[in-house]
Amino acid sequence: MNDTLLERLDETAAAIHARDPRTPQVVMVLGSGLGSFAETLVDATAIPYEEIPNFARVTVPGHAGRLVIGKVAGGASPVVAALSGRIHLYEGHPIDDVVFNVRALLRAGARTLMVTNAAGGIAPGLAPGDLALLTDHLNLTARSPLAGPNQAALGPRFPDMTDAYDPALRTVALECAASLGQTLRAGVYAGLLGPSYETPAEIRMLRAMGADLVGMSTVPEVIAARHMGARVLGLSCVTNLAAGVSSSPLSHAEVEETAGLARGRFVALLQAVLRRLA
Ligand code: HPA
């Protein structure tokens with residue numbers, strides 16, 4: 461195994477290229493309950509994470525751990541590299557591992573990251589099952605994938621995060637939702653370490669800080685992707701009202717169940733956006 465991050469990324473990108481010579485254009489990270497989107501891709505090459513050198517592995521139930529490279533069925537499509545199974549900080553992985561798989565696929569040539577997640581709804585009016593566009597985030601993980609010596613070959617020491625969630629891609633997503641007759645909400649995502657859900661007091665704090673959505677993922681991948689100059693589209697499925705917004709306790713089973721119920725709409729939206737990126 462190679463030593464430096466850059467060497468490991470390039471070794472991984474080369475190994476993926478050896479399994480499928482197409483250059484990926486869009487990297488997708490599929491959140492809780494959404495992994496099955498990868499199965500909708502056609503002309504697909506599926507590679508278990510454990511067969512990809514250096515790839516970080518998955519430990520959460522509901523996350524499969526396969527890379528699927530393929531295209532959206534029925535017409536023009538970019539080459540999509542879908543990560544079914546995400547690595548979370550709360551699993552105890554170093555943050556370099558949390559973002560490694562995304563970085564490797566960007567290194568392999570992709571210029572766009574589409575990141576999805578299950579989130580708790582904080583903003584008034586959000587309901588379980590709603591889909592929401594991320595307009596910005598709050599990094600409340602107290603970590604950054606960029607801490608440590610800067611990898612100048614990947615990006616700058618101090619990357620700008622002003623338009624972290626690409627305004628043009630957000631417009632595309634809103635247009636696609638409208639053409640599908642879907643309501644697409646929008647908001648600021650607070651990314652926390654987890655794995656306990658928030659307390660009601662923490663949710664009141666997050667609301668005061670300007671958060672509309674809360675979750676335990678996404679922020680590290682987005683920071684790493686912006687560092688590498690990729691444009692980012694972020695989409696949440698609101699799987700539950702945040703703690704204290706409703707009085708019922710939160711559970712992973714509820715998160716997966718609601719994500720499952722919204723899956724058809726979520727898949728249709730992702731496919732429509734991808735077709736527009738062809
Ligand atoms: N909080 C944190 N993460 C989550 C939630 C939540 O309410 N729902 C889904 N992921």
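In this note's numbering, the protein residues as written are 461 to 738. C-beta: ideal position from N, C-alpha, C; glycine also.
Determine, using beta carbons only, whether Ala684 and Val518 come nearer to each other than 8 Å. no
Helix, strand or coil for Ile507, going by three-state DSSP, please let me know. strand
Is it a yes or a no for the stretch 552-561 touching the stretch 644-657, going by three-plus beta-carbon pairs under 8 Å? no
Best match in Gly675, Pro538, Arg691 and Glu681 for proximity to Asn700 [C-alpha to C-alpha]: Gly675
Three-way DSSP call (helix, strand, coil) for Asn610 in this model: Residue state, collapsed to three classes: coil.
Do Cys636 and Arg723 have their beta-carbon atoms positioned less than 8 Å apart in this structure? Arg723 places its beta carbon 8 Å or farther from that of Cys636.
Assign Met461 to one of two classes, buried (16 or more other C-beta atoms within 10 Å of its C-beta) or exposed (fewer than that). Note on Met461: pLDDT 43, under 50, position unreliable in the model; the coordinate value appears next. For Met461, the number of other beta carbons within 10 angstroms of its own is below 16, and it is reported as exposed.
Return helix, strand or coil for Leu734, following the three-state DSSP convention. helix
Quick one: is the Cβ of Ala702 within less than 7 Å of any heavy atom of ligand 1? yes
Using a C-beta cutoff of 8 Å, does Arg571 count as contacting chain D? Looking at the structure shown, chain D is missing, and only one protein chain is on hand.
I believe Ala607 touches Val733 by the beta-carbon criterion, under 8 Å. Please report the beta-carbon distance rounded to the nearest angstrom. So it is not a contact: roughly 32 Å between Cβ atoms.
For Met669, which of Asn599, Ala516, Phe560 and Leu614 has the nearest alpha-carbon? Asn599
How about the stretch 480-499 and the stretch 542-551: do they share at least three Cβ pairs that are nearer than 8 Å? yes
Just to confirm, is the Cβ distance from Ala719 to Leu494 under 8 Å? Contact: yes.
Would you kindly work out how many angstroms separate the C-alpha atoms of Ile663 and Val679, rounded to a whole number? 18 Å
Could I get the ranges of all uninterrupted beta strand (DSSP E) runs contained in the stretch 470-553, with 3 residues as the minimum, in chain order? 486-490, 501-508, 526-532 and 540-544
Using the Cβ count rule (16 or more neighbours within 10 Å means buried), how would you classify Glu681? buried
CA-CA distance, Gln642 and Ala504? Straight-line Cα distance between these residues: approximately 28 Å.
What is the DSSP secondary structure of Arg691, counted as helix, strand or coil? strand
Beta carbon of Thr699: closer than 7 Å to some heavy atom of ligand 1? yes
Mind listing, in chain order, the continuous alpha helix (DSSP H) runs of no fewer than 4 residues lying wholly within the stretch 622-664? Listed in chain order, they are 627-639.
Find out if the Cβ-Cβ distance for the pair Asp590, Arg645 is shorter than 8 Å. yes
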